[in-house]
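Heads up: the sequence shown begins at 99 in the working numbering, then just goes up one per residue.
Yeah, the Cβ is synthetic: ideal placement off N, Cα and C, and Gly gets one too.
Data block below; observations after.
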Amino acid sequence: MITKILKHLTIITFYLIAVNTLAQNNSARPRLVVGIVVDQMRWDFLHRYTEKYSAGGFKKLIMEGYNCEQTYINYFPTYTAPGHASIYTGSVPAIHGITGNNWFDNTARRVVYCTEDTTVNSLGESKKSGQHSPVNMFTTTICDELRIATNFKSKTVGIALKDRGAILPAGHAATAAYWYEGNTGNWISSSYYMKELPTWVKKFNEQKLAEKYVKQNWKTLLELATYTESTEDDKWYENPFSNEDKPVFIHKTSEIKKEPLTEVLRSTPFGNTLTFEFAKAAIEGDTLGQRKATDFLAISFSSTDYIGHQFGPNAIETQDAYLRFDLELEDFLTYLDKKIGKGNYLLFLTADHGAAHATGFNKEKHIPAGNIFEKAIFKYADSLLQLKYRQKNLISAVINQQIFLNHDNILTANLSVGEISHYLAEKLNTLQGIDRVIVYQNLQQTPLPAWFRECLNNHYKPGRTGDLQLLFHPAWFNEFERGTTHGSIFPYDTHIPLIFYGWNIKPGKDYSRTYITDIAPTLSALLKIQEPNGSIGKVITGLFK
């Protein structure tokens, strides 16, 4: 009898412990959230090099995380700044206002950089490199909402080589954002966040790691002949470094003289290495994930973008960058397991955009492709208007594949914005590489696939979007006769990876269509906090089943 009673008591005890543990997991938050954005990472890179990835990097995230295989960017054009803003706001350029890395501002009558802010001062150097803040973004980010939800007890920090990759994710109420200054090799910030750089940042900068890394030269991680997932090394449509005749390994970066070695760092895998090391230093220096409140570390890895632009997605250089990143990701996950504790942190990995194949690569394989130049478009459109209307300066800018008309000059000349828009659309539609020219005034009446119209609607921001949108044929893009770029509405630019891993995440694979705007509201649901104030995304419900 006593034995039965003890047995029942043991069962009840275990049951109560299990219920209590479950209740804690359902109500508690992780100690740290880590957001990883790999700049210019096409979705297929998760799988293209899988045979050569380590067991503890990308493969670990795929096997132990929740992998959203069909995640897309739902606006157009696709650039770095709107990508980072959309990930963290759960919104689109039409709402958060970050319509490009740069845009023509109809009010200021000039081109504006996405994070420029002349009201703040540089910290860490005396030039304009630090005069940046999130002032041009109209909405909160998930980092802002976490700060609000914890009554500002949480710390939120943004890190990236690019200022926009650090500033926009961290948001308006961030504890700090740090970015890289290429002329000095230092990590800097602005007075928007603090009065002076923390001591730990100064000590990190004193190590002068950037120059040390570049002086190692860039050799392939594996034997060159084993890079069978990429095209051969010597391709005319790849860009060599300034000290090279051909874009081939070994890249003797230590011998470059035309620019500081610390600036060269950006276009090598060592830029990601430096970012990983600085992220670890930030966790230590700002004691992230080591207090009662949940902290957020937003990291963007920019070197994959610089390398992609220079060499293209099929280059050995690009493959080598991802193989190296995979190993460093493995090391970083091991570090987080030891420092924060396995299961105590929530991590997600995604990208701000993808990239097109290099034009030369496509043509070599008989795939239609080509280049269009916005400067040439501007000159041609301006000449058309001068010839027809006998007026100069009716166009303000051609940027982000958009034509901005000069409304003031058009009205002064007693002309019609609508008439001029339609005239230009008709003429430019005939140019090689242009699929169609869309007049934003008539977007809803323009025959378009519904997906195209949705993406254009999601981008249009009065005052920051042009009057006409150029839509190129697939594989046609602006500039970059060598290397490549991004910015299109097509899957090579819009299909991005998305994996959630760690705290309260069960392994799974989701093939339902999800969007870049779903990331922030899903994080909000996991953390049980309000989603960002401009969010239009939906929670990825499969993650909770």
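Closest to glycine 133 by CA distance: which of Ala183, Arg146 and Lys350 is it?
Residue Ala183 is the option with its Cα nearest to glycine 133.
Going by beta carbon distance, what residues of the same chain come within less than 7 Å of glutamine 539, once the five residues before and after it are set aside?
Once the five neighbours on either side are set aside, the close Cβ partners of glutamine 539 are Gly516 and Ser519.
Could you name each continuous beta strand (DSSP E) segment of 3 residues or more that falls completely within the stretch 554 to 622, going from the start of the chain to the end?
Fully enclosed beta strand (DSSP E) runs of 3 or longer: 566 to 570, 574 to 576, 596 to 600 and 606 to 608.
When DSSP labels each residue in this structure, what does alanine 543 get in the three-state scheme?
Rather than alanine, the amino acid found at residue 543 in this sequence is glutamine. Here glutamine 543 sits in helix by DSSP.
Secondary structure of glycine 387, DSSP reduced to three states
Of the three classes helix, strand and coil, the one that applies to glycine 387 here is coil, per DSSP.
Does DSSP classify valine 362 as helix, strand or coil?
Of the three classes helix, strand and coil, the one that applies to valine 362 here is helix, per DSSP.
Taking the C-alpha atoms as reference points, what is the distance between phenylalanine 409 and asparagine 337?
Approximately 6 Å, taken between the alpha carbons.
Alpha-carbon to alpha-carbon, alanine 268 and arginine 146:
Linking arginine 146 to alanine 268 through their CA atoms gives a straight-line distance of about 31 Å.
Please report how far the alpha carbon of threonine 385 lies from the alpha carbon of proline 180, in whole angstroms.
Near 30 Å, if we compare the C-alpha coordinates of proline 180 and threonine 385.
Relative to the C-alpha of threonine 639, which candidate in Ile617, Gly632 and Ala377 has its C-alpha closest?
Its Cα nearest to that of threonine 639, the residue Ile617 stands out among Ile617, Gly632 and Ala377.
Taking DSSP as the reference, what is the three-state secondary structure of glutamate 428?
Of the three classes helix, strand and coil, the one that applies to glutamate 428 here is helix, per DSSP.
If contacts are defined as beta-carbon pairs under 8 Å, then glycine 468 and glycine 531 qualify, I think. What distance do you get, rounded to the angstrom?
The Cβ separation is near 5 Å, so the contact holds.
For the stretch 418 to 428 against the stretch 361 to 369, are there 3 or more C-beta pairs whose distance is under 8 Å?
The stretch 418 to 428, when compared against the stretch 361 to 369, does touch it at the 8 Å Cβ threshold.
At a cut of 8 Å, does the stretch 566 to 586 reach the stretch 398 to 414 through at least three beta carbon pairs?
Short answer: they touch.
Would you kindly report the start and end of the unbroken alpha helix (DSSP H) that includes serine 481?
For serine 481, the enclosing alpha helix (DSSP H) has its first and last residue at 472 to 487.
Just mark tyrosine 177 as buried or exposed, buried being the case when its beta carbon has 16 or more other beta carbons within 10 Å.
Classification of tyrosine 177: buried, given that the 10 Å Cβ count is 16 or more.
Taking alanine 456 as the reference, which of Val537, Thr273 and Asp591 has the closest Cα?
If we check each option's Cα against that of alanine 456, Asp591 comes out closest.
By the DSSP assignment, the alpha helix (DSSP H) with isoleucine 246 in it spans what residues?
Isoleucine 246 -> alpha helix (DSSP H) spans 240 to 247.
Tell me, which residues are paired with tyrosine 278 by DSSP?
Trp285.
If I'm right that threonine 213 touches aspartate 261 with Cβ under 8 Å, what's the distance once you round it to whole angstroms?
About 6 Å separates the two Cβ atoms, so the contact holds.
Determine the DSSP secondary structure at tryptophan 141, reduced to helix, strand or coil.
Coil, per DSSP.
Among Glu321, Glu426, Thr282 and Ala380, the one whose alpha carbon lies nearest that of glutamate 357
Nearest C-alpha to glutamate 357: Thr282.
Alpha-carbon to alpha-carbon, asparagine 172 and alanine 548:
Looking at the two C-alpha atoms, the distance is approximately 12 Å.
Histidine 451, buried or exposed, once every other Cβ within 10 Å from all chains shown has been counted against 16:
A buried status is given to histidine 451, since no fewer than 16 other beta-carbon atoms sit within 10 Å of its beta-carbon.
How is tyrosine 443 classed by DSSP in three states: helix, strand or coil?
Secondary structure of tyrosine 443 (DSSP, three-state): strand.
Straight-line gap, asparagine 284 to glycine 222 (C-alpha atoms, nearest Å):
Roughly 7 Å separates the two Cα atoms.
Report the partner residues of isoleucine 501 according to the DSSP bridge assignment.
The partner list for isoleucine 501 (beta bridge, DSSP) reads Val496 and Leu566.
Let me make sure I understand the geometry here. Which of Leu395, Leu363, Asn442 and Thr324 has the alpha-carbon closest to that of isoleucine 240?
Of Leu395, Leu363, Asn442 and Thr324, the residue nearest in Cα terms is Leu395.
Tryptophan 316 CB to nearest chain B CB: under 8 Å?
Among the chains of the structure shown, chain B does not appear; only one protein chain is present.
With H, G and I counted as helix, E and B as strand and the rest as coil, what does DSSP make of alanine 192?
In the three-state reduction of the DSSP assignment, alanine 192 falls in the helix class, which pools H, G and I.
Going by C-alpha to C-alpha distance, which of Ala258, Thr148, Ser231 and Ala274 sits closest to aspartate 418?
Of the listed residues, the one whose Cα sits closest to aspartate 418 is Thr148.
Can you tell me whether glycine 531 is helix, strand or coil according to DSSP?
Residue state, collapsed to three classes: coil.
Does the beta-carbon distance from phenylalanine 502 to phenylalanine 236 come in below 8 Å?
Not in contact: phenylalanine 502 and phenylalanine 236 (Cβ atoms no closer than 8 Å).
Selected residue, minimal CA-CA separation from isoleucine 587, among Leu566, Asn602 and Arg551:
Of the candidates Leu566, Asn602 and Arg551, the one whose C-alpha sits nearest the C-alpha of isoleucine 587 is Arg551.
Closest by C-alpha distance to asparagine 576, when choosing among Ala449, Pro175 and Gln229
Considering only alpha carbons, the answer is Pro175.
Report the rounded CA-to-CA distance for alanine 453 versus isoleucine 465, giving the unit in angstroms.
If you take the alpha carbons of alanine 453 and isoleucine 465, they lie about 16 Å apart.
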